[in-house]
Amino acid sequence: MNIYVGNMNFSFSDQELSNLFTPYGEVSSAKIILDRESGRSKGFGFVEMQNDEDALKAIDALHETEVSGRKLIVNQARPQENRSGGGFGSSRRS
Numbered sequence: 005m006n007i008y009v010g011n012m013n014f015s016f017s018d019q020e021l022s023n024l025f026t027p028y029g030e031v032s033s034a035k036i037i038l039d040r041e042s043g044r045s046k047g048f049g050f051v052e053m054q055n056d057e058d059a060l061k062a063i064d065a066l067h068e069t070e071v072s073g074r075k076l077i078v079n080q081a082r083p084q085e086n087r088s089g090g091g092f093g094s095s096r097r098s
């Protein structure tokens, strides 16, 4: 199961995120999402756990838990929605 973790401290690392979930079961991956321009954390990430039951226990245990001065938002990740081509720099000129 893929788990969304939001409202994280910006200094949090992939390893710290993994360590947070390890007590609840095997963590397949943990990834903090970084800003493309600055390379700094965006304050959220994703954790993948093989066992759905373990993942649900982790979500229940960690949602709204304070870690490094921030109250985490932890829930099952939803599939990314397709984005339209709108926004700066998206138009093509012929």
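To convert a position in the sequence shown, counted from 1, into the working numbering, add 4.
We put the beta carbon where it would ideally sit given N, CA and C, even for glycine.
Identify whether residue i lies in helix, strand or coil by the three-state DSSP scheme.
{"i": "A34", "result": "strand"}
How many angstroms separate the CA atom of residue i from the CA atom of residue j?
{"i": "R44", "j": "L38", "result": "5 Å"}
{"i": "N6", "j": "D58", "result": "12 Å"}
{"i": "I77", "j": "D64", "result": "11 Å"}
{"i": "L24", "j": "S72", "result": "12 Å"}
{"i": "L60", "j": "S17", "result": "22 Å"}
{"i": "A81", "j": "G10", "result": "11 Å"}
{"i": "V31", "j": "R40", "result": "25 Å"}
{"i": "N79", "j": "S42", "result": "27 Å"}
Here's the rule: buried if 16 or more other CB atoms are within 10 angstroms of the residue's CB, otherwise exposed. What is residue i?
{"i": "F14", "result": "exposed"}
If you follow the alpha helix (DSSP H) that residue i is in, where does it begin and where does it stop?
{"i": "Q19", "result": "18 to 25"}
{"i": "E57", "result": "56 to 66"}
Can you list, in chain order, the residues of its chain whose CB lies under 6 Å from that of residue i, leaving out five sequence neighbours each side?
{"i": "G29", "result": "M53, N55, D58"}
{"i": "A62", "result": "F25, Y28"}
{"i": "E68", "result": "K75"}
{"i": "S33", "result": "E52"}
List the endpoints of the continuous beta strand (DSSP E) containing residue i.
{"i": "S42", "result": "First-last for S42: undefined, no H or E at that position."}
{"i": "G10", "result": "6 to 10"}
For residue i, collect the residues of the same chain with a Cβ closer than 7 Å to its Cβ; drop the 5 residues on either side in sequence, then sort them by chain order.
{"i": "K35", "result": "D18, G49, F50"}
In its own chain, which residues sit with a C-beta less than 8 Å from the C-beta of residue i, not counting the 5 before and 5 after it?
{"i": "M12", "result": "L21, I36, S45, G47, F48, G49, V71, S72, R74, L76"}
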